[in-house]
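A.B. asks: So the sequence shown is residues 381 to 970, counted in the working numbering. Each residue gets a CB set at the ideal place from its N, CA and C atoms; glycine is no exception.
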Amino acid sequence: MPPIESPGVVSLTKFFKVSEFVEFLKNLVPGVDTARSVEAKLEAAGSIKELWNDLFTYEPKLEKSNRAAGQVLLDDELLRSARDDRPDAHVLVWCAQLLADSRLEMVVREHLTDSDGHIIPAMVNRNELQARLVLLDITTADNPKPTTNILSYLETCKLLVLTRNGGSVTGVEHFLPTTYAVPGLLSLIRERARAWKSWFRPQDGEVLNFALSIGANHWLNLSRTEFRAAADPARLATPPTSRADLPATLSELRSQLDRKGQVVLQGPPGTGKTYLAKEYISWATGDRRDEGHLQRILDNLPLYERTVTGLADEIVRRGLTAVWEIVQIHPSYEYTDFVRALVAEPVAGGVTFTPKHRVLSFMSALGEELARRAESTELILILDELNRGNIPAIFGELLYALEYRNEPVATPYSVDGSTSITVPKSLQIIGTMNTADRSIAVIDYALRRRFVFLDVPATDTPIASNTGYKTERAQRIALKLFAMVSELVSGATIGIQVGPSYFMPNRSAKNEDEVITGIAQSLIYEVLPLLSEYALEGEVEPDALDKFRRALGVQNLTSGIQTETVTEKLLQLGAIKLVPETAEPEANAD
């Protein structure tokens, strides 16, 4: 026996037009209309008059043997959704049918969807579903009406868009979002469980678990996790985030992004290029950097709502001022990783190759969708180690689109019906470039003409201004060590330097000892190998490097004991107080 037993049974051989039915619902008057008048109005409207006891509730409560008479129509979530022109009205018509007919509900939960609750694309096929319904004795081989009706309801109730070959349904073009219907469905389940026969009548705080226990997530093409998340009151829309004043350290970057749209931060290793880009993101998102990460937002969306429109809905709901993503460029990175690609997808009887967005195409389409909604959300794409890739091959025709924003550019692949990509002005691109990397090709003029290049120099300013060293001595050690390394590379070209990030305190350090130990390990395992590379390239004198290593007690780079030795040397170094070069020596007291 189903947990909620309807007094009627939906006829799967009779079809009604859902849009017309939703309009019909608007004309019903709870407390005035009766079962008899509902039945008469259904017949007059051309809908199935048998629905009078399937999709409606009355007082007194109906039994299976009741005929349409003077029972008074009760208001419920289905009627309210239609009357208020809510977007979930069509989906709730589908759910009301599933509540009313245990056969249809069983087909959806056990055969049309997988164990997670998602619709199986291969089952959205007239031949496949017909064969399954015949095995279930729901229809016969020569009666395809129940099959075509169920498939039509999936589309007209706005769960998906069908693909057809002639007049036959062959699959799914794409799925539609359904999470917005979860609150309405929970109300409908609560009301139907109370109005119809039910072995359990859930209280308000129990409805979600009750709905999941009867598999209601399957009705909306959602997993249990997705269904539960959609029911969370925290999903209610939040007002847009406010930004703090722009820090002075970001003013030049902001200015050039506004002017040009794309900037490259270039400098030696350790100068904080990526850190600076992320600081810009923190400001742009109003200190909601984690919440504004594009991939994290997508991961938290239901599987079939990870689309441009689904993401735009979520961005607006969260009130985000900026959304960002980071891409690590490398020598094997290609156009099909960055712009668009053909992706193999399983279908009934084999695979098909479907054009798909990659990060640049997806963010461009997202920017256009947000602009269409008059939303001012900024999109930020970080291209880390930009000069390690073959940029003309990665960007392709999009190099033109970067210069001419808001103009469509044709691409080899058509995605979502569009054969072109338009890079919106709201999409800002920040590249980083390590000037010490000599294994890479020189950046070509086509790229340089479209990007602004900002230098991020290797200075001790970040060390001097950092407040995480715990003690003055630890900060003094970092400054002195940076100065010694800078002296070593003073004769090298400007791009061959060592940045201050190698000497910064670890954020997890709890005291001075942990700060200094962290600096020692960074010196042993990161700075010295980098200096060795510079020495091999002739940028650092080998003798000077050996002297530096001996001064810090470094014998080799594998012994764990060395950390203690180097830490002791650094403590000795910290005993030397730094004074400005222009300071006069103190007069002798004698």
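1. Rounded to the nearest angstrom, what separates Glu948 and Lys860 at their Cα positions?
2. Would Ile500 be called buried (16 or more neighbouring beta carbons within 10 Å of its own) or exposed?
3. Give the DSSP bridge partners of Met864, in chain order.
4. Return the chain-ordered list of same chain residues with a C-beta closer than 6 Å to the C-beta of His491, the five sequence neighbours on each side being excluded.
5. Among residues of its own chain, excluding the 5 on either side of Gly595, which ones have a beta-carbon nearer than 7 Å to its beta-carbon?
6. Rounded to the nearest angstrom, what separates Trp474 and Lys538 at their Cα positions?
7. Using the three-state DSSP reduction, which class does Gln636 fall into: helix, strand or coil?
8. From the DSSP output, in three-state form, read off Trp704 for me.
9. Starting from the Cα of Ile709, find the closest Cα among Arg752, Ala773 and Lys658 and give me that residue.
10. Which residue's Cα is closest to the Cα of Ala781: Ser794, Val795, Leu691 and Leu740?
11. Around the C-beta of Lys653, are 16 or more other C-beta atoms found within 10 angstroms, so that it is buried, or is it exposed?
12. From Lys406 to Leu459, what distance separates their C-alpha atoms?
13. Report the three-state DSSP secondary structure of Gln451 (helix, strand or coil).
14. Determine the closest residue to Ala844 out of Gln808, Gly875 and Met884, with distance taken between C-alpha atoms.
15. Let me know the beta strand (DSSP E) ranges lying completely inside the segment 522-587, each 3 residues or longer, listed in chain order.
16. What is the rounded straight-line gap between the Cα of Val389 and the Cα of Ser427?
17. Which of the three DSSP states, helix, strand or coil, is assigned to Pro909?
18. Does the segment 867-880 come into contact with the segment 824-842, if we say contact requires no fewer than three beta-carbon pairs (one atom in each stretch) closer than 8 Å?
19. According to DSSP, simplified to helix, strand and coil, what is Pro387?
20. Taking the straight line between their C-alpha atoms, what separation do you get for Phe833 and Leu556?
21. Beta-carbon within less than 6 Å of Ala971's beta-carbon, same chain only, minus the 5 sequence neighbours each way: which residues are those?
22. Measure from the C-beta of Trp579 to each C-beta in chain C and report whether the shortest distance is under 9 Å.
23. Measuring straight from C-alpha to C-alpha, what distance separates Ser391 and Asn597?
24. Could you tell me if Thr437 is buried or exposed, where buried requires 16 or more neighbouring beta carbons within 10 angstroms of its beta carbon?
25. Please go through the same chain and pick out, in chain order, the residues whose beta-carbon is closer than 6 Å to the beta-carbon of Glu961, but skip the five residues on each side of it.
26. Quick one: what does DSSP say Tyr882 is sitting in, helix, strand or coil?
27. Look up Tyr713 in the DSSP assignment and say whether it is helix, strand or coil.
28. Would you mind giving the Cβ-Cβ distance between Glu439 and Leu454, rounded to the nearest angstrom? I have them listed as a contact below 8 Å.
29. Which partner residues of Pro735 appear in the DSSP bridge assignment?
30. With H, G and I counted as helix, E and B as strand and the rest as coil, what does DSSP make of Ile774?
31. Should Asp468 be labelled buried (16 or more other beta-carbon atoms within 10 Å of its own) or exposed?
32. Using CA coordinates, which residue listed in Glu906, Tyr560 and Leu566 is at the minimum distance from Val587?
33. Three Cβ pairs or more, each shorter than 8 Å: is that satisfied between the segment 665-673 and the segment 690-706?
34. Which of the three DSSP states is assigned to His598 in this structure?
35. Can you tell me the Cα-Cα spacing of Asn770 and Ala692, whole angstroms?
36. Only counting the same chain, and skipping five residues up and downstream in sequence, which positions put a Cβ closer than 7 Å to that of Phe395?
C.D. replies: Short version:
1. 15 Å
2. exposed
3. For Met864, which the question treats as bridged, DSSP gives no partner whatsoever.
4. Arg512
5. Arg489
6. 9 Å
7. helix
8. strand
9. Ala773
10. Leu740
11. buried
12. 7 Å
13. coil
14. Met884
15. 540-545 and 548-555
16. 15 Å
17. helix
18. yes
19. coil
20. 43 Å
21. Because the chain spans 381 through 970 in this model, residue 971 falls outside it and cannot be assessed.
22. No chain C appears in this structure, which consists of one protein chain only.
23. 23 Å
24. buried
25. Only weak support exists for where Glu961 lies, its pLDDT of 40 falling under 50; the coordinates are left without a value.
26. helix
27. coil
28. 6 Å
29. Leu722
30. helix
31. buried
32. Leu566
33. yes
34. helix
35. 31 Å
36. Asn529 and Ser532
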